[in-house]
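Below: the structure, in structure tokens.
Printed below as a string of structure tokens:
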């Protein structure tokens, strides 16, 4: 009977330890997820990468490493800001665009380029 209780307690312990993962980030590109996983693994933090239904990736870590993982990623600039594309803001399926829209596109592109250059510094 004591073997049964030992086995049962071991089974309960393993079950509890398996559920100690926390999702750190989701909806990541494969490149960004790989970079984050490599960075965390280099800091000896165990991390899992999974593919979502929409083809994007999520990374999960042990709950005990959550705070240090967030801090490490923050210090290295992750997750990186996602810049919107001009086609997202101004759809190109319009037949005729006004001069105001064309000027807005140019200004928007310049702003995005400046912001990207500053964030790379």
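In our numbering, the protein residues as written are 1 to 121. Backbone N, C-alpha and C fix where the C-beta goes; we use that ideal spot for every residue, glycine too.
When DSSP builds the beta bridges, which residues end up paired with residue i?
i: residue 50; result: 58
i: residue 21; result: 62
Return helix, strand or coil for residue i, following the three-state DSSP convention.
i: residue 105; result: helix
i: residue 26; result: strand
i: residue 63; result: helix
i: residue 110; result: helix
i: residue 100; result: helix
i: residue 93; result: coil
i: residue 35; result: helix
i: residue 117; result: helix
i: residue 45; result: coil
Which term fits residue i, buried or exposed, when burial requires 16 or more other beta carbons within 10 angstroms of its beta carbon?
i: residue 75; result: exposed
i: residue 65; result: buried
i: residue 117; result: exposed
i: residue 121; result: exposed
i: residue 109; result: exposed
i: residue 22; result: exposed
i: residue 73; result: buried
i: residue 59; result: buried
i: residue 67; result: exposed
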